[in-house]
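S.K.: Each residue of the sequence shown is one higher than the one before, starting from 49 at the first, in this note's numbering. We put the beta carbon where it would ideally sit given N, CA and C, even for glycine.
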Amino acid sequence: MVPRSSLIAAGRPMTSQSDPDFPASFLWGASTSSYQIEGAAREDGRGPSIWDTRCLMKDRVANGDTGDVACDHYHRYPEDIALMTRLGLKAYRFSVAWPRLLPEGRGQANEKGLDFYDRLIDGLLEAGIEPWLCLYHWDLPQALDDRGGWTVRDSAGWFADYAALAASRYGDRVKRWATFNEFGVFTMFGYAIDWGAPGITDRQAHLQAIHHVNLAHGDGVAVLRSLVRGASIGAVHNVQLVVPESETPENRAAAALLDEHWNLAFPEPQLRGHYPPLTAEAIAPYVQAGDMARIRQPLDWFGLNHYGPIFAKADPAMTWGYAWGAAPPDMPSTDIGWTIHPDAFRDTLTMLTRRYGLPIYVTENGCGGKDAPGPDGKVADPGRVAFLDAYVRSMQEAMAQGADVRGYFVWSLLDNFEWGAGYGNRFGIVYVDFATQRRIPKSSADWFAALVRAGRLP
Ligand code: FCB
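1) Buried or exposed: which applies to residue 322, given that a residue is buried once 16 or more other Cβ atoms fall within 10 Å of its Cβ?
2) Measure the Cβ-Cβ separation of residue 162 and residue 409 and say whether it is below 9 Å.
3) Which class does residue 489 belong to by DSSP, given the choice of helix, strand or coil?
4) Which residue spans inside the stretch 164-197 form an unbroken beta strand (DSSP E) run of at least 3?
5) Cβ-heavy atom distance between residue 410 and the ligand FCB below 8 Å?
6) Please state whether the Cβ-Cβ distance between residue 349 and residue 282 is less than 9 Å.
7) Give the DSSP bridge partners of residue 97, in chain order.
8) Between the C-alpha atoms of residue 417 and residue 337, what's the straight-line distance to the nearest angstrom?
9) So, is residue 190 buried or exposed, given that buried needs 16 or more other C-beta atoms within 10 angstroms?
10) Quick check: does the Cβ of residue 185 come within less than 8 Å of any heavy atom belonging to the ligand FCB?
11) Can you name, in chain order, every residue of its own chain whose Cβ lies under 7 Å from the Cβ of residue 141, other than the five neighbours on each side?
12) Take residue 82 and list the residues in its own chain whose beta-carbon comes closer than 8 Å to its own, dropping the five residues that flank it on each side.
13) Which whole-angstrom value is the C-beta distance of residue 301 and residue 290, which I expect to be below 8 Å?
14) Just verifying my parser: in three-state terms, what is the DSSP assignment at residue 355?
15) Please determine whether the Cβ atom of residue 180 lies at a distance below 8 Å from any heavy atom of the ligand FCB.
16) Would you check if the distance between the CB atom of residue 239 and the CB atom of residue 199 is smaller than 9 Å?
17) Could you check what DSSP says for residue 371 in three-state terms: helix, strand or coil?
18) Counting Cβ pairs closer than 8 Å, one from the stretch 432-440 and one from the stretch 112-128, do we hit at least three?
19) Is it buried or exposed, residue 266, if we count other Cβ atoms within 10 angstroms and call 16 or more buried?
20) Using beta-carbon positions only, say whether residue 360 and residue 292 come within less than 9 Å of one another.
21) Going straight from the alpha carbon of residue 478 to that of residue 504, what length do you get?
22) Please report the residue range of the beta strand (DSSP E) in which residue 458 lies.
23) Express the C-alpha separation of residue 471 and residue 481 in angstroms, rounding to a whole number.
24) What residues in its chain sit with their C-beta under 6 Å from that of residue 207, if we drop five residues either side in the sequence?
25) Classify residue 291 as helix, strand or coil using the three-state DSSP reduction.
26) Going by other Cβ atoms of all chains shown within 10 Å of its Cβ, with 16 needed for buried, is residue 317 buried or exposed?
27) Taking the C-alpha atoms as reference points, what is the distance between residue 389 and residue 357?
28) Any heavy atom of the ligand FCB closer than 8 Å to the Cβ of residue 353?
29) Mind pulling the alpha helix (DSSP H) runs of 4 or more residues that sit fully within the stretch 250-323?
30) Cβ of residue 230 within 8 Å of any heavy atom in the ligand FCB?
Given below as structure tokens:
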């Protein structure tokens, strides 16, 4: 958490005059996730996930949108790999849908689901694109949620068994593994604030979910380490500045707790062996002897997902007394209202290098918009180009200041199902016409391809 007063010069133009080249080894890629792009929700034996369930609930997802078809990537993945080739991407981060591999979450594996990722991985390798496999991007099998999901301690074992299945099937070809995507986001929105699946709002459930997901991560890392020869293992964390909406003692307290739940409750135990102070006290009843050692496993890299700063305010009606506050009116924002603050990105990168000392891969960064094709059929997105340019420049500044950044994955390759916002918020550098499934690279895709090709800002 930072005091609001230190959040200065928001969105000012970058001062760096020179654009040095990125190292040749710098890894440029794009990220997606299973539920957001695959579709084929009831095909080839896939079981339902908690997001399928949420999409059927009233008023949880804009326009009643669902991930049933999404980008139809399940069928169109060869076309999507061809797009990546055209962009010159060196790496692709995707997630595996747990309910596609294990329709009931545990027990009998689904061969057709396993086959799909075989085809995808083989296609990527043939195209010379390194697969980065993330095991969990929020689509918990519904059958496991029916047993209590992340609130029950057994969930760590369920996850470890699923990790073992994926590792033994794909570990011969996939070397880059991530356990979870954005621990802080899906546990908060799933168990404290009703913005994600399963949509519980309960302090105890939230604390249990935090601790059991940490255990699942630790057990998952141990399994990957033992089953995948030459594995390079990390986890993907959301880390963003949390700022009080205004400097009152109540808002400051709200921001401090939100900051712990959002930014610290996972990397701190995973990498430093303890919970942050406010969380440590509350979570103690769920922590058993040996747990902290189980959670803290050696890792090879830190995955950072970063967007803009968050403003927090006190709200006694909420589960933990914190809520999302408003950004200052003069703070730049994207077309969908997310804050823009490239300097905060730079400072987050340098802070993470100092604090955790691991090589960093930026596993998500990007800009949501309301893009649409022009009369010429092209999709111009100058706002996204400006956003990406400013953020990549800030990353370069951070590297010049000593941040150990090894790669950058743009969110996202394709417009996709953006959770509660449905298909209305477009994050792709490639436009998707959801009626026809036609893909149209936006001007940001050309810009990104030029960056990747030259290894310097266009
Ligand atoms: C992140 C999620 C990703 C996407 C982007 C916009 O929080 O990891 O799935 O929704 O935000």
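M.R.: This is what the structure holds:
1) Counting from 1 along the sequence shown, the entry for residue 322 is found at position 274. With fewer than 16 other Cβ atoms within 10 Å, it is exposed.
2) Residue mapping note: residue 162 aligns to position 114 of the sequence shown, counting from 1. Residue mapping note: residue 409 aligns to position 361 of the sequence shown, counting from 1. Not closer than 9 Å, so no.
3) Counting from one through the sequence shown, the residue named residue 489 turns up at place 441. Of the three classes helix, strand and coil, the one that applies to residue 489 here is strand, per DSSP.
4) 178-184
5) Taking the first residue of the sequence shown as 1, we reach residue 410 at position 362. Checking every heavy atom of the ligand FCB against the Cβ of residue 410, none is found closer than 8 Å.
6) The residue given as residue 349 occupies position 301 in the sequence shown. The residue given as residue 282 occupies position 234 in the sequence shown. Cβ atoms of residue 349 and residue 282: closer than 9 Å.
7) Numbered from its first residue, the sequence shown carries residue 97 at position 49. Answer is 189.
8) To locate residue 417, count along the sequence shown from 1; it is residue 369. To locate residue 337, count along the sequence shown from 1; it is residue 289. For residue 417 and residue 337, the distance between alpha carbons rounds to 47 Å.
9) Residue numbering aside, residue 190 sits at position 142 when the sequence shown is read from its first letter. The residue is buried, with at least 16 neighbouring Cβ atoms inside 10 Å.
10) Position 137 of the sequence shown, counted from the first residue, corresponds to residue 185. Yes, the ligand FCB has a heavy atom inside 8 Å of this Cβ.
11) Stepping through the sequence shown from its first residue, residue 141 is reached at position 93. Once the five neighbours on either side are set aside, the close Cβ partners of residue 141 are 77, 79, 180, 182, 411 and 457.
12) To locate residue 82, count along the sequence shown from 1; it is residue 34. Excluding residues within five positions, the ones whose Cβ falls inside 8 Å are 142, 143, 144, 145, 148, 185 and 187.
13) Working through the sequence shown from its first residue, we reach residue 301 at position 253. Working through the sequence shown from its first residue, we reach residue 290 at position 242. Going by Cβ atoms, the distance from residue 301 to residue 290 rounds to 12 Å, so no, they are not a contact pair.
14) Counting from one through the sequence shown, the residue named residue 355 turns up at place 307. Residue 355: coil per DSSP, three-state reduction.
15) Here residue 180 refers to the residue found at position 132 of the sequence shown. Not under cutoff, so the answer is no.
16) The residue labelled residue 239 in the question sits at position 191 within the sequence shown. The residue labelled residue 199 in the question sits at position 151 within the sequence shown. For residue 239 and residue 199, yes; Cβs fall inside 9 Å.
17) Indexing the sequence shown from 1 puts residue 371 at position 323. Judged by DSSP in its simplified three-state form, residue 371 adopts strand.
18) no
19) Locating residue 266 in the sequence shown gives position 218, counting from the first residue. Label assigned to residue 266: buried.
20) Here residue 360 corresponds to residue number 312 of the sequence shown, with the count starting at 1. Here residue 292 corresponds to residue number 244 of the sequence shown, with the count starting at 1. Residue 292 sits close to residue 360, with the two beta carbons spaced by under 9 Å.
21) For the purposes of this step, residue 478 is taken as residue 430 along the sequence shown, with counting starting at 1. For the purposes of this step, residue 504 is taken as residue 456 along the sequence shown, with counting starting at 1. Their backbone Cα atoms lie some 21 Å apart in a straight line.
22) Here residue 458 refers to the residue found at position 410 when the sequence shown is read from its first residue. First-last of the beta strand (DSSP E) with residue 458: 453-459.
23) Within the sequence shown, residue 481 is the residue found at index 433, counting from 1. Within the sequence shown, residue 471 is the residue found at index 423, counting from 1. Using only the alpha carbons, I get a separation of about 10 Å.
24) Taking the first residue of the sequence shown as position 1, residue 207 is located at position 159. When the five nearest sequence neighbours on each side are left out, the beta carbons in the same chain lying within less than 6 Å of the beta carbon of residue 207 are those of 264 and 268, in order along the chain.
25) In the sequence shown, the residue the question calls residue 291 occupies position 243. DSSP places residue 291 in strand when its eight states are reduced to three.
26) Along the sequence shown, one-based indexing puts residue 317 at 269. It is buried - the Cβ of residue 317 has at least 16 other Cβ atoms within 10 Å.
27) For the purposes of this step, residue 389 is taken as residue 341 along the sequence shown, with counting starting at 1. For the purposes of this step, residue 357 is taken as residue 309 along the sequence shown, with counting starting at 1. Distance between the alpha carbons of residue 389 and residue 357: 7 Å.
28) Your numbering for residue 353 matches position 305 in the sequence shown. Relative to the ligand FCB, residue 353 has its C-beta within less than 8 Å of a heavy atom.
29) If only uninterrupted alpha helix (DSSP H) runs of at least 4 residues are considered, those enclosed by the stretch 250-323 are 251-275, 297-307 and 315-320.
30) Residue mapping note: residue 230 aligns to position 182 of the sequence shown, counting from 1. True, at least one ligand heavy atom lies under 8 Å from that Cβ.
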